[in-house]
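K.L.:
Okay, handing you the structure first.
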Amino acid sequence: MLQRALHNLDRRLRTAGESAAAHPDWKDRAAAIRRETLLDLDGWLDRLEHSLVARGVHVHRASTPADARRVVVELAQARGARTVVKSKSMATEEIDLGNALEDAGLTSVETDLGEYIVQLAGERPSHMITPAIHKTLPQIRDVLAKEAGTDLAVDREALTAWARDRLRGEFLRADIGITGVNFAAADTGTLVLVTNEGNGRFCTTLPRVHIAVMPVEKVIPRLADAGILLPLLTTHATGQALSNYVTMISGPRRAGEVDGPDELHVVFLDNRRRTLLGTRYEEMLACIRCGACLNVCPVYRNVSGHAYDSVYSGPMGKVLTPLLSGGTEGADLPYGSTLCHACSDACPVKIPLGDMILALRADVPDPHSGARRRRRIFWTVWARAWSTPSGYRLTTALGRVSRGRVPGLQAWTSTRELPRPARESFRDRWAKEHA
Amino acid sequence: MIDVFVAGLRANSCTVSGPMNTDEARATVVERASAHLLVACNDDVPLPALVDGLRQRGVEVLTPGDPAWAERLADAEVGITGARLAVAQPSAIALAAAPGAPRSTSLVPSVHICVVRVDDLLPTLADAMIGVAAGEMPSALTWIGGPSRTGDLEMITTLGVHGPRAVEIVLLD
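The listed protein sequences correspond, in order, to chains A and B.
Just so you know, the numbering used here puts 355 at position 355 of the first sequence, and the rest follows in order with no gaps.
Position in the second sequence (from 1) plus 1000 gives the number in the numbering used here.
This is the structure in structure tokens:
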């Protein structure tokens, strides 16, 4: 399934690649803008906060995911909110905000179609741009039909129409809209949100309160920089010259306006990001979450996003997950790489992902070092044994007798198959036929 | 530049008519909207007497000043707006929120008709953003490339997820 979806995506991205080739210097310009931001991240954040506050926006600084969850939950509770509509955001996945809201007794509804399907299925997104990329249309029908309580056709239009009606009701009912942020311009105090479906627009138009969760590296120095970064983000994410909707929000609803939120809150989320400044991993904060590295990664293409068992998957996930957790999560991810560096080539802001994956193998202790040592011992013994004819004959005879059930290898064979040995060895057959 | 703009919008499943003069544009919009019962119309549409024209054709028109706006908008089948600016590459229109120009007119109804002045068309987004950032920002500036869409179902585009199923651009010169 993933293969077919990625094939559809490949076709789009190829066309986009051709149009991006018309601006060969755009990657350089974007990379420069992102690095300029990182040179003085704290300074730009202060400027952003100043600009936002001047526009009547409430700014909250959260150093840990728990802090961010507490800010949002307390805001919701203080306003007596019952229903929250969410627009797809990796930052809210990172802090597991949906579950925190549910635990606090609120109803939290994902409104991006793919994310909604994943939420109903009780799963996690498998791709940062298309969360339900691992599901086939009949599987999606089953998930939606169960929620609908009626039968639905395996038809893209029909399923979309059903979800449209269902989620329209949620938008009208919701007290709070929660979104991420793609870019936040320090000079004008503007939040830039990129969406295709329009759910992000609903979340920032109808509910009385809008809360945006913004990882600190999303700040850009100038709103004009978005003119370079936006087309680069969307061509690399979905192959679109520009996403269908780009919303630039500069403060809450103003006097006389008939829609838009009365209150706008922005939560700056650190979660160890600022500790990366000045280290060899600083450039990881240049990431614009386009997903280009996932789509080209030979590992991601074969194992899909869930195999990473982390919010961020693919090459960028291999780097970011151990860094954001201080090595307690995803420490084995840097080893799940072919080091082919296709990710480094694909990255629109030129992050040397392949180099970072390699460096992390040295910097983060490998949680599977015991298993690795056992494997090394096995191969050493095996190499010794097969270096002599008698050792070879003995072990292959044992293999035939045990029919591949080798004691001590269960950890390996529980998920893989050993080759089945032939009933009779070639030597035995030769000896018999030429006797 | 207009050709690039029109081609880009059509590639994104918009319908485009014009460039045409004010009278032709008004007639086009009235004709298009007259098949519907309730139409929401922003105050920033650059077509004088449009609302009267619609009402003469028996179409009920909801305007942002109407006290019933919020509660009746969900029933509107068409939303008519102007645009602050537009760019040819990548092709998109930009709508600025204002008291007479709510954000939801281009979002809630199934059909969005946008009247764009050719004079407001700029060559690229990168150029446009420099000008936008230098001016006073509205509370919301919404860039629209076409009908609401998703690629979430097996990476194949499906239109009309949450926002309008159709976006119709009328170019005014």
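Backbone N, C-alpha and C define an ideal beta-carbon position, used for all residues, glycine too.
Treat the numbers as computed from the prediction; the structure is a model and nothing was measured.
Does residue 1095 of chain B come within less than 8 angstroms of chain A when only Cβ atoms are used?
P.N.:
Chain A, which has no Cβ nearer than 8 angstroms to the Cβ of residue 1095 of chain B, makes this no.
K.L.:
Mind listing the chain B neighbours of residue 250 of chain A? Cutoff is C-beta to C-beta under 8 angstroms, in chain order.
P.N.:
Simply 1137, 1138, 1139, 1140, 1141.
K.L.:
Classify residue 21 of chain A as buried or exposed, calling it buried when 16 or more other Cβ atoms lie within 10 Å of its own Cβ.
P.N.:
Caution applies to residue 21 of chain A, whose pLDDT of 47 falls short of 50 and renders its modelled position unreliable; the model cannot decide the point.
K.L.:
Please report the straight-line C-alpha distance between residue 1151 of chain B and residue 223 of chain A, rounded to a whole angstrom.
P.N.:
About 28 angstroms.
K.L.:
Tell me whether residue 1067 of chain B is buried or exposed, calling it buried when 16 or more other Cβ atoms sit within 10 Å of its Cβ.
P.N.:
With fewer than 16 other Cβ atoms within 10 Å, it is exposed.
K.L.:
According to a CB-to-CB cut-off of less than 8 angstroms, which residues of the segment 1006 to 1030 of chain B neighbour chain A?
P.N.:
Cβ contacts with chain A: 1008, 1012.
K.L.:
Measuring CB to CB, does residue 1022 of chain B end up less than 8 angstroms from residue 1170 of chain B?
P.N.:
It is not a contact, given that the beta carbons lie outside the stated cut-off.
K.L.:
Let me know if residue 1090 of chain B comes out buried or exposed under the rule of 16 or more other beta-carbons within 10 Å of its beta-carbon.
P.N.:
Looking at its Cβ environment, which holds 16 or more other Cβ atoms inside 10 Å, residue 1090 of chain B is buried.
K.L.:
Based on Cα-Cα distance, which residue from B:1161, B:1109, B:1093 lies nearest to residue 1119 of chain B?
P.N.:
Among B:1161, B:1109, B:1093, the Cα nearest to that of residue 1119 of chain B belongs to B:1093.
K.L.:
Tell whether a beta-carbon distance below 8 angstroms holds between residue 273 of chain A and residue 216 of chain A.
P.N.:
Yes.
K.L.:
Given a limit of 8 angstroms on CB to CB distance, which residues of the segment 1075 to 1091 of chain B reach chain A?
P.N.:
Answer in chain order: 1089, 1090, 1091.
K.L.:
Just to confirm the assignment: which complete alpha helix (DSSP H) runs, minimum length 4, are found wholly within the segment 199 to 237 of chain A?
P.N.:
As far as the segment 199 to 237 of chain A is concerned, its whole alpha helix (DSSP H) runs of at least 4 residues are 199 to 203, 226 to 237.
K.L.:
Among the residues of its own chain, which have a CB less than 6 angstroms from the CB of residue 1161 of chain B, if the five just before and after it don't count?
P.N.:
Cβ neighbours of residue 1161 of chain B beyond the five flanking positions: 1148, 1150.
K.L.:
How about residue 1139 of chain B and residue 114 of chain A: do their beta carbons lie closer than 8 angstroms?
P.N.:
No, the Cβ-Cβ distance between residue 1139 of chain B and residue 114 of chain A is not below 8 angstroms.
K.L.:
Give me the DSSP bridge partner(s) of residue 1079 of chain B.
P.N.:
Paired residue(s): B:1040, B:1112.
K.L.:
Looking at C-beta atoms only, is the number of pairs between the segment 1003 to 1010 of chain B and the segment 1036 to 1043 of chain B that lie closer than 8 angstroms three or more?
P.N.:
Contact between the segment 1003 to 1010 of chain B and the segment 1036 to 1043 of chain B is absent, because fewer than three Cβ pairs lie under 8 angstroms.
K.L.:
If you draw a straight line from the C-alpha of residue 1034 of chain B to the C-alpha of residue 267 of chain A, how long is it?
P.N.:
Going from the Cα of residue 1034 of chain B to the Cα of residue 267 of chain A covers about 46 angstroms.
K.L.:
Compile a chain-ordered list of the residues in the segment 133 to 167 of chain A whose CB is closer than 9 angstroms to at least one CB of chain B.
P.N.:
The residues in question are 133, 135, 136, 137, 140, 156, 157, 159, 160, 161, 163, 164, 167.
K.L.:
Between the C-alpha atoms of residue 1112 of chain B and residue 1078 of chain B, what's the straight-line distance to the nearest angstrom?
P.N.:
So the two alpha carbons sit approximately 6 angstroms from each other.
K.L.:
Quick check on the burial criterion: 16 or more other C-beta atoms within 10 angstroms. Buried or exposed for residue 410 of chain A?
P.N.:
By the neighbour-count rule (16 or more Cβ atoms within 10 Å), residue 410 of chain A is not buried but exposed.
K.L.:
If distances are taken between C-alpha atoms only, which option among B:1123, B:1013, B:1109 comes closest to residue 1072 of chain B?
P.N.:
Considering only alpha carbons, the answer is B:1109.
K.L.:
Under the three-state reduction of DSSP, which class applies to residue 318 of chain A: helix, strand or coil?
P.N.:
Correct three-state label for residue 318 of chain A: helix.
K.L.:
Does the distance from the C-beta atom of residue 245 of chain A to that of residue 198 of chain A stay below 8 angstroms?
P.N.:
Going by C-beta atoms, residue 245 of chain A is nearer than 8 angstroms to residue 198 of chain A.
K.L.:
Cα-Cα, which of A:55, A:42, A:36 is closest to residue 250 of chain A?
P.N.:
Residue 250 of chain A has its Cα closest to that of A:55, out of A:55, A:42, A:36.
K.L.:
Mind checking if residue 1063 of chain B is an interface residue toward chain A, Cβ cutoff 8 angstroms exclusive?
P.N.:
It does not; no Cβ of chain A falls within 8 angstroms.
K.L.:
Around the C-beta of residue 210 of chain A, are 16 or more other C-beta atoms found within 10 angstroms, so that it is buried, or is it exposed?
P.N.:
Burial call: buried.
K.L.:
Between which residues of its own chain and residue 60 of chain A is the CB-CB distance below 6 angstroms, once the five residues before and five after are set aside?
P.N.:
71, 267.
K.L.:
In this structure, what does DSSP give as the bridge partners for residue 61 of chain A?
P.N.:
Residue 61 of chain A pairs with A:268.
K.L.:
Determine, for residue 21 of chain A, whether the minimum Cβ-Cβ distance to residues of chain B falls below 8 angstroms.
P.N.:
With a pLDDT of only 47 at residue 21 of chain A, under 50, the local geometry of the prediction cannot be trusted, and the value read off the model is given with reservation. It does not; no Cβ of chain B falls within 8 angstroms.
K.L.:
Taking Cβ-Cβ distances shorter than 9 angstroms, what residues in chain B pair up with residue 9 of chain A?
P.N.:
Residues of chain B passing the Cβ test: 1151, 1155.
K.L.:
Taking 8 angstroms as the threshold (C-beta atoms), are residue 83 of chain A and residue 165 of chain A in contact?
P.N.:
Cβ distance not < 8 angstroms, so residue 165 of chain A and residue 83 of chain A don't count as in contact.
K.L.:
What residue from A:144, A:171, A:149, A:170 has the CA that sits closest to residue 158 of chain A's CA?
P.N.:
Taking only the C-alpha atoms, the option nearest residue 158 of chain A is A:144.
K.L.:
Name the chain A residues that come within less than 8 angstroms of residue 1130 of chain B, Cβ to Cβ?
P.N.:
Within chain A, the residues near residue 1130 of chain B are 224, 227.
K.L.:
What are the start and end residues of the alpha helix (DSSP H) that includes residue 117 of chain A?
P.N.:
From DSSP, the alpha helix (DSSP H) with residue 117 of chain A extends over 113 to 120.
K.L.:
Going by other Cβ atoms of all chains shown within 10 Å of its Cβ, with 16 needed for buried, is residue 235 of chain A buried or exposed?
P.N.:
So residue 235 of chain A ends up on the buried side.
K.L.:
Kindly indicate which residue of A:297, A:363, A:99 has the alpha-carbon position closest to the one of residue 322 of chain A.
P.N.:
Minimum Cα distance to residue 322 of chain A is reached at A:363.
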